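Residue numbers (the working numbering): 32 to 138.
Note that beta-carbon positions come from the ideal geometry of N, C-alpha and C, so glycine has one too.
Since the structure is predicted, the reported quantities are computational estimates derived from the model, not experimental observations.
Worksheet: the structure to be examined is printed underneath.
Below, the structure is given as structure tokens:
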């Protein structure tokens, strides 16, 4: 006797595949900038405008969150995009010799 969740080949195989395939939305991740005492506010705003494509006013608000609260959310993205943005931010910070910390976590 076949198990209930076992796949059976035959005339109804296509229907079984359709019934078993449920697309799930991708997991989303928050990208976060963390405060330090060395990275300039102007550089943080520049990162938010150029990497995260934020308008200047929103970038300044996020920068103030980073400065006052210790961290600020830059956006929510799929895993690959979040990882790429974090890598890009860290590379730009290192080029300017800033110790800016940028991470991502599941939303």
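Collapsed DSSP secondary structure at residue i in the structure displayed
i	result
residue 69	coil
residue 137	strand
residue 79	helix
residue 118	helix
residue 98	helix
residue 139	Nothing in the structure corresponds to residue 139, since the chain is present only between 32 and 138.
residue 54	coil
residue 91	helix
C-beta contact flag for residue i and residue j at 8 Å
i	j	result
residue 101	residue 68	no
residue 74	residue 127	yes
residue 136	residue 58	no
residue 70	residue 124	yes
residue 61	residue 104	yes
residue 134	residue 63	yes
Opposing strand residues paired with residue i [DSSP bridges]
i	result
residue 63	104 and 134
residue 109	59
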